[in-house]
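Input: a single structure, listed below in structure tokens.
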Amino acid sequence: MSWSAKLRNFLQKLSPSQFKLGPQDYEMFRTLMLEADFGPYLTEELLELFRQKNLEIKNIDEATMFLTQKLRDSLIPQSSLNIADTPPSVYLFVGVNGTGKTTSIAKVAHYLKKKGKSVLIACADTFRAAAREQLKIWADRLNLPFIGYPIGGDPAAVVFDALEGARSRNIEFLLVDTAGRQHTDTNLMEELKKIKRVISKKKEGSPEETLLVLDANAGLNAINQARSYHEDLGLTGIIVTKFDSPAKAGFVFAIQKELSIPVKFLGVGEGLEDLLEFSPDIFLKKFLS
Amino acid sequence: MFDFLTSKLQEIFRKLTSRGKLNPEEVEQYLKEIRVALLAADVHVSVVKAFSERVKEKAVGQEVLDSLTPGQQVIKIVRDELIGILGEKPEPLSITAFPACIMLIGLQGSGKTTTCVKLARTFKNQGKHVLLLGLDAKRPAAMEQLAYLAQKEGIPAYLGEGKDALELARTSFQYFKNHGFDLGIIDTAGRLHIDQDLMGELETTKKIFNPRETILVLDSTLGHASLSVGQEFQRLVGFDSLILTKLDGDAKGGAALSIHFITGKPIRFIGTGEKMEDLEVFHPDRFLSRILGMGDMLTLIEKAEKALAVSDKEKLERQLKGRISLTDFLEQLEGLTRMGSIKDLIPKIPGVTPQEADKKMLARWKAIILSMTPEERDAPEIINSSRKKRIALGSGTSVHEVNMLLKRFDQFKNLLKQAKKGTLPFLKNYSIGG
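Chains as they are written, first to last, in our numbering: chain A, 1 to 289; chain B, 290 to 723.
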């Protein structure tokens, strides 16, 4: 039986009252939520809701609505990108290794370009082999200006020069890629703080967005990543990548509950068009399917 | 960390009388905490359940060993069971007949390219003539990445040409065959396990190379996708072993345990950083410490019992009353150094970050404590900023480091307090959401 069929089974039994539910049904529901990377604590909280004696649920539609509503309540509604009063708006992309920062930048650049915006792409990843080449290829495909230094260069200098460049060319959006790093690596996190400081010093109020890129296939460690990155950098948004995977990215609920960081985009493939603006409905549709 | 150790000794003293058999309620109570720990480590829920049943069967009715409380006894059974699953000893990658190929497969961003070069470096150091083969023509600059890393390590790389992935595979295989290399290490493009077309392509690629070993590369942050990832890669392509990457973060890597549990395929290596030497042979016992998040308590307890002068009862009792001084702290640090290589031991101690886990750091801590007056060691709260300056100067460290040490010391004291309250205090250290 598929995940959604099992869920339907549970919700079916919930109506007209939850008294039909036996311990094994609750156990089934617990397993489903854990399989969705919802985490052991939130799962117990959700289970408590279904154990209330005074639930007035008449049929499966109402049961589904009840669950959907509870889940939607814990998601932050759609939130648009922050835009600077005086351009450029600077968007800093951060995250652990291999989550899809570079591809996400290309997609966001494409998204902005389609809206008629001017975009400069900067590669402040001067560590990973061919990171610059990878981003440069995307910039070329998008026919967008690009700035990046060879390996070993100072990432803060890239950012400094990119800001100068964006200003002199009247560019509206500056997208900055950074090297992937583990949130536990104090030195590399300091480097990232420095990059952010350089931006704010050069342009007050920037970066307008500090976006954490998270892999939908991740488990509960995504929560640790968000917590540390938020503490160090003050995140304004999250991009969940690889959302075309069967993984349900249930960790998003815990992150939103604890840290109140909105999800801005969902990545759903390897192509430039494979980017969705986040909405609780889109997220829940996948989560409950 | 040491507080936990101390409180453990305290329990041993206290509970010498508490013997008998584990009853089902006790077992269930402790198992519940273990289950949460495993789930928090991203071990798949179905694996947690199956495992938990096995432990329950074994544990109920078992004699509680003299030196252990029921809780520890359950942990011991859990540990032994897990070791039983993962194997006592590492199962390193052993390739004896050449020429041979190794193929790395996995999801996008799991770390295949970096791992390929790390592996190539390992075999090169064994005197093998290694060729890296780049088959990822899809991700922009994936080939350049491989070429750059290969060149840095002085390892030849073949970045073939071809109008599609399969032609690329064929020309690459021909090149490998015609040039007399011992070992070819194949980097493939990352793909989702549900992408039928790309999985089919990978299966054909595998047939072309007929690799001696096909390795599924897993990101240690992988969540419950683990089961379907493992099953689908096994069903559609087939693999022989696992490599777990990015263990330098704080992800536990429960996905690898889950996939090992359902496929029986050994975990060969772990990736512990971005440098090319950051590839280690997988050690089941260390991995378990990480998964259970409590350090290898039992080993530590065993070692501590031997290394510490347990007979010094008076001092111990004073410590247990919470009057632990920096002198006691220093003695325990030294006790630890006696126990064996620090590098081996530190990962067994919960709450100590990898950054602190080196001998140098402990040596500096020791220097700081030794630069204090006896009064300061007994009552660290009197250490004000001018004292800190003096201590920093005397020990050749910085005020910041003195602060760090004092902060750590405070945390240990707090842990001790908690340890006295709870049954399994270390389990509360889980930093997961909710």
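In this text, a Cβ means the ideal position worked out from N, Cα and C, and glycines have one as well.
What does the Cβ neighbour count give for Met65(A), buried or exposed, with the cut at 16 atoms within 10 Å? By one-based count along the first sequence, residue 65(A) stands at place 65. Its Cβ having fewer than 16 others within 10 Å, Met65(A) is exposed.
task = Step through the CB atoms of chain B and report whether any lies within less than 8 Å of the CB of His311(A).
result = This structure cannot settle anything about residue 311(A), because the visible part of chain A is limited to 1 through 289.
| said: Contact defined as beta carbons within less than 8 Å: I believe Leu435(B) pairs with Cys405(B). What is the distance between those atoms, to the nearest angstrom? | reply: For the purposes of this step, residue 435(B) is taken as residue 146 along the second sequence, with counting starting at 1. For the purposes of this step, residue 405(B) is taken as residue 116 along the second sequence, with counting starting at 1. Leu435(B) to Cys405(B), Cβ: 7 Å. Contact.
What are the boundary residues of the beta strand (DSSP E) that Thr503(B) is part of? The residue given as residue 503(B) occupies position 214 in the second sequence. Annotation for Thr503(B): the continuous beta strand (DSSP E) segment containing it runs 502-508.
Exercise. Could you check the C-alpha separation between His689(B) and Arg679(B) for me, to the nearest Å?
Key: In the second sequence, the residue the question calls residue 689(B) occupies position 400. In the second sequence, the residue the question calls residue 679(B) occupies position 390. Answer to the nearest angstrom: the Cα atoms are 13 Å apart.
Check: CA-CA distance, Leu192(A) and Leu694(B)?
Finding: The residue labelled residue 192(A) in the question sits at position 192 within the first sequence. The residue labelled residue 694(B) in the question sits at position 405 within the second sequence. So the two alpha carbons sit approximately 26 Å from each other.
Requested in this report: Pair every Cβ in the region 432-450 of chain B with every Cβ in the region 412-422 of chain B, then say whether three or more of these pairs are closer than 8 Å.
Outcome: Cβ pair count under 8 Å is three or more, so yes.
Check your understanding: Does the beta-carbon distance from Val158(A) to Cys123(A) come in below 8 Å?
Key -> Within the first sequence, numbered from 1, the residue matching residue 158(A) stands at position 158. Within the first sequence, numbered from 1, the residue matching residue 123(A) stands at position 123. With respect to Cys123(A), Val158(A) sits close: the two C-beta atoms are nearer than 8 Å.
- request: Consider the Cβ of Tyr464(B): report whether some Cβ of chain A lies at a distance smaller than 8 Å.
  value: Here residue 464(B) corresponds to residue number 175 of the second sequence, with the count starting at 1. For Tyr464(B), the answer is no, since every Cβ of chain A falls outside 8 Å of its Cβ.
When Ile475(B), Ala544(B), Thr493(B), Val363(B) are compared against His513(B), the one with the closest alpha-carbon: Indexing the second sequence from 1 puts residue 513(B) at position 224. For the residues Ile475(B), Ala544(B), Thr493(B), Val363(B), the minimum Cα distance to His513(B) belongs to Ala544(B).
Next on the checklist: Tell me the rounded alpha-carbon separation between Arg557(B) and Lys347(B).
Outcome noted: Locating residue 557(B) in the second sequence gives position 268, counting from the first residue. Locating residue 347(B) in the second sequence gives position 58, counting from the first residue. Distance between the alpha carbons of Arg557(B) and Lys347(B): 29 Å.
| message | Checking the sheet assignment: what are the DSSP bridge partners for Ala218(A)? | response | Along the first sequence, one-based indexing puts residue 218(A) at 218. Bridge partners of Ala218(A): Leu511(B).
Give a yes or no on whether 8 Å exceeds the smallest Cβ distance from Ile76(A) to chain B. Along the first sequence, one-based indexing puts residue 76(A) at 76. Judged by the 8 Å Cβ criterion, Ile76(A) is not in contact with chain B.
- By the 10 Å Cβ neighbour count, where 16 or more other Cβ atoms means buried, how is His238(B) classified, buried or exposed? Absent from the model: residue 238(B). The displayed extent of chain B is 290 to 723, so no value can be given.
- Query: If you measure from the beta carbon of Gly309(B) to each beta carbon in chain A, is any gap under 8 Å?
  - Reply: As a working mapping, residue 309(B) is identified with position 20 in the second sequence. Not one chain A Cβ lies under 8 Å of Gly309(B).
Listed by chain order, chain B residues near Val96(A) by CB distance under 8 Å: Translated into positions along the first sequence, residue 96(A) becomes position 96. Correct list: Thr510, Lys535, Gly538.
| task | Check the Cβ of Ser341(A) against every Cβ in chain B and list those closer than 8 Å, keeping chain order. | result | Any answer about residue 341(A) is impossible in this case: the structure gives chain A only from 1 up to 289.
task = Kindly give me the distance between the Cβ atoms of Phe253(A) and Leu75(A), rounded to whole angstroms, as I take these residues to be in contact under 8 Å.
result = Residue 253(A) sits at position 253 when you count from the first residue of the first sequence. Residue 75(A) sits at position 75 when you count from the first residue of the first sequence. By a beta-carbon distance limit of 8 Å, Phe253(A) contacts Leu75(A). Their separation comes to about 7 Å.
Checklist entry - Does the beta carbon of Leu328(B) sit closer than 8 Å to a beta carbon anywhere in chain A? => result Counting from 1 along the second sequence, the entry for residue 328(B) is found at position 39. Chain A contact via Cβ: present.
request  = Output, in chain order, the set of chain B residues within a Cβ distance shorter than 8 Å of Asp215(A).
outcome  = Along the first sequence, one-based indexing puts residue 215(A) at 215. The answer, in chain order, is Gly398, Asp508, Thr510.
Contiguous alpha helix (DSSP H) assignments of at least 4 residues, all confined to the region 122-187 of chain A: Taken in chain order, the unbroken stretches of alpha helix (DSSP H) that lie wholly in the region 122-187 of chain A and span 4 residues or more are 131-142, 155-168.
Original post:
Should the region 113-131 of chain A be called in touch with the region 143-150 of chain A, which here means at least 3 C-beta pairs below 8 Å?
Top reply: The region 113-131 of chain A vs the region 143-150 of chain A: in contact.
task = Count the CB pairs spanning the region 228-243 of chain A and the region 99-112 of chain A that are closer than 8 Å, and state whether there are at least three.
result = Contact between the region 228-243 of chain A and the region 99-112 of chain A is established, with three or more Cβ pairs separated by less than 8 Å.
Determine, using beta carbons only, whether Lys345(B) and Val316(B) come nearer to each other than 8 Å.
Here residue 345(B) is taken as the residue at index 56 of the second sequence, counted from 1. Here residue 316(B) is taken as the residue at index 27 of the second sequence, counted from 1. Judged by beta-carbon spacing, Val316(B) lies within the 8 Å limit of Lys345(B), meaning their Cβ atoms are closer than that value.
Q) DSSP beta-bridge partners for Val94(A)? A) Translated into positions along the first sequence, residue 94(A) becomes position 94. For Val94(A), which the question treats as bridged, DSSP gives the partners Leu212(A).
query = Is it true that the CB of Asp274(A) sits closer than 8 Å to the CB of Lys107(A)?
reply = Position 107 of the first sequence, counted from the first residue, corresponds to residue 107(A). Position 274 of the first sequence, counted from the first residue, corresponds to residue 274(A). Going by C-beta atoms, Lys107(A) is nearer than 8 Å to Asp274(A).
In chain B, which residues lie less than 8 Å from Glu208(A) when you measure between Cβ atoms? Start at 1 with the first residue of the first sequence, and residue 208(A) comes out as number 208. Counting only Cβ-Cβ distances below 8 Å, Glu208(A) has no contacts in chain B at all, with the closest Cβ about 26 Å away.
Review point. Starting from Gly473(B) and walking both ways along the beta strand (DSSP E), at which residues does that stretch end?
Key: The residue labelled residue 473(B) in the question sits at position 184 within the second sequence. Counting along the chain, the beta strand (DSSP E) containing Gly473(B) begins and ends at 472-476.
- Query: Between the C-alpha atoms of Lys20(A) and Met565(B), what's the straight-line distance to the nearest angstrom?
  - Reply: For the purposes of this step, residue 20(A) is identified with residue 20 of the first sequence, where counting begins at 1. For the purposes of this step, residue 565(B) is identified with residue 276 of the second sequence, where counting begins at 1. Going from the Cα of Lys20(A) to the Cα of Met565(B) covers about 58 Å.
Gly153(A) vs Asn97(A) beta-carbon contact at 8 Å
Along the first sequence, one-based indexing puts residue 153(A) at 153. Along the first sequence, one-based indexing puts residue 97(A) at 97. No. Outside cutoff.
Fill in: When Phe38(A), Lys115(A), Ala5(A), Phe127(A) are compared against Asn217(A), the one with the closest alpha-carbon
Residue mapping note: residue 217(A) aligns to position 217 of the first sequence, counting from 1. The alpha carbon of Asn217(A) has as its nearest neighbour, out of Phe38(A), Lys115(A), Ala5(A), Phe127(A), the alpha carbon of Phe38(A).
- Out of curiosity, what's the CA-to-CA distance linking Leu259(A) and Leu448(B)? The count along the first sequence starts at 1 and reaches residue 259(A) at position 259. The count along the second sequence starts at 1 and reaches residue 448(B) at position 159. Spanning the alpha carbons of Leu259(A) and Leu448(B) requires a straight line of approximately 44 Å.
- Task: Alpha carbon to alpha carbon, how far is Leu34(A) from Leu14(A)? Give it in angstroms, no decimals.
- Result: Position 14 of the first sequence holds residue 14(A). Position 34 of the first sequence holds residue 34(A). Answer to the nearest angstrom: the Cα atoms are 19 Å apart.
**Asked** Around the Cβ of Glu314(B), are there at least 16 other Cβ atoms within 10 angstroms (buried) or fewer (exposed)?
**Response** Your numbering for residue 314(B) matches position 25 in the second sequence. Exposed, because fewer than 16 other Cβ atoms sit within 10 Å of the Cβ of Glu314(B).
Checklist entry - Which value, in whole angstroms, describes the spacing of the CA atoms of Lys649(B) and Gln485(B)? => result Translated into the one-based positions of the second sequence, residue 649(B) becomes position 360. Translated into the one-based positions of the second sequence, residue 485(B) becomes position 196. The alpha-carbon atoms of Lys649(B) and Gln485(B) are separated by roughly 51 Å.
* Name the one or two DSSP bridge partners that Ala389(B) has. => Counted from its first residue, the second sequence places residue 389(B) at position 100. Beta-bridge pairing links Ala389(B) to Leu472(B).
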